[in-house]
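Novice:
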Amino acid sequence: MRDILATLKREHDQLRDLHRQLSATPDEQDELRKDLLNRIEAVLIPHAKWEELKFYPAFNDRANHEQQLLFAKAMQEHRVVEKAVLPDLHAADIEGRQFAGSAAVLEELIVHHAKEEETQMFTAARKMFSPQELAEMDEQYADWKDSALAGALEMHAQVKTAAKAMLRSPSSPG
């Protein structure tokens, strides 16, 4: 049977693997770094946006006080990545230490966030939602990823990141 929690965990595993690869790239392998960053964002952005729009609100609706704090923390962690870490990563010289440092911070945040989701939020969600509901969410997520809305949200996130990166780049005016 399909299961959204298993799907989200698989994507966490993909992200952990891609981050390990990115961390292992020497500074001078800029094309490989660019490719890995693109692959990370191709998994991360739809995953995060769907969680923010669908999974987290459904979780929060059924959550107790402690679980609502998990929800609030997860949303803030998403904001940190979207509004600070990704723009800093894109602003950095891909061959430099700033890029490597920003990539390491992104990896730490994602690994921490995924572990917390898997050990706390997903455990609670297994009790909140029936197997049928988890299967339905998984189908909805698969359909959503192929939708125009998902594409538009992904493009919007990339444009916002690029704009913020331009403002943070040492070579930009200002």
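The sequence shown begins at 1 in UniProt numbering and counts up one residue at a time. All C-beta atoms, glycine included, are put in the ideal place defined by N, C-alpha and C. Note that this is a predicted model, so its numbers are computed, not measured.
#1: Classify P26: buried if its beta carbon has 16 or more other beta carbons within 10 angstroms, exposed otherwise.
#2: Return the chain-ordered list of same chain residues with a C-beta closer than 7 angstroms to the C-beta of T161, the five sequence neighbours on each side being excluded.
#3: Using the beta-carbon count (16 or more within 10 Å), is P57 buried or exposed?
#4: Restricting to Cα atoms, I'd like to know which of R62, D30, I45 and L36 is closest to R126.
#5: Are R33 and E139 close, meaning C-beta to C-beta below 9 angstroms?
#6: In chain order, which continuous runs of the beta strand (DSSP E) of length 3 or greater are located wholly inside the UniProt domain "Hemerythrin-like" (4-124)?
#7: Report yes if the CB atom of E41 is closer than 9 angstroms to the CB atom of H78, and no otherwise.
#8: For the segment 67-81 and the segment 109-117, state whether three or more C-beta atom pairs, one from each stretch, are separated by less than 8 angstroms.
#9: How would you label L69, buried or exposed, when you count the other beta carbons within 10 angstroms and need 16 or more for buried?
#10: Between M128 and the rest of its own chain, which residues show a CB-CB distance below 6 angstroms, the 5 nearest in sequence each way excluded?
#11: What is the DSSP secondary structure of M1, reduced to helix, strand or coil?
Specialist: So, from the listed chains and residues:
#1: Within the sequence shown, residue 26 is the residue found at index 26, counting from 1. For P26, the number of other beta carbons within 10 angstroms of its own is below 16, and it is reported as exposed.
#2: In the sequence shown, counting from the first residue as 1, residue 161 sits at position 161. Same-chain partners within the cutoff: L86, P87 and H90.
#3: Against the sequence shown, residue 57 aligns to sequence position 57. Around the beta carbon of P57, fewer than 16 other beta carbons lie within 10 angstroms, which makes this residue exposed.
#4: Your numbering for residue 126 matches position 126 in the sequence shown. When R62, D30, I45 and L36 are compared, the shortest CA-CA separation from R126 is found for R62.
#5: As a first step, residue 33 is located in the sequence shown; it is residue number 33 there, counting from the start. As a first step, residue 139 is located in the sequence shown; it is residue number 139 there, counting from the start. It is not a contact, given that the beta carbons lie outside the stated cut-off.
#6: None, since the UniProt domain "Hemerythrin-like" (4-124) contains no complete beta strand (DSSP E) of that length.
#7: For the purposes of this step, residue 41 is taken as residue 41 along the sequence shown, with counting starting at 1. For the purposes of this step, residue 78 is taken as residue 78 along the sequence shown, with counting starting at 1. Going by C-beta atoms, E41 is not nearer than 9 angstroms to H78.
#8: Contact annotation: the segment 67-81 touches the segment 109-117, with at least three C-beta pairs closer than 8 angstroms.
#9: Position 69 of the sequence shown, counting from 1, holds the residue named residue 69. It is exposed - the Cβ of L69 has fewer than 16 other Cβ atoms within 10 Å.
#10: The sequence position of residue 128 within the sequence shown is 128, counting from 1. Only R62 meet the Cβ criterion.
#11: Residue 1 sits at position 1 when you count from the first residue of the sequence shown. If DSSP states are grouped into helix, strand and coil, M1 belongs with coil.
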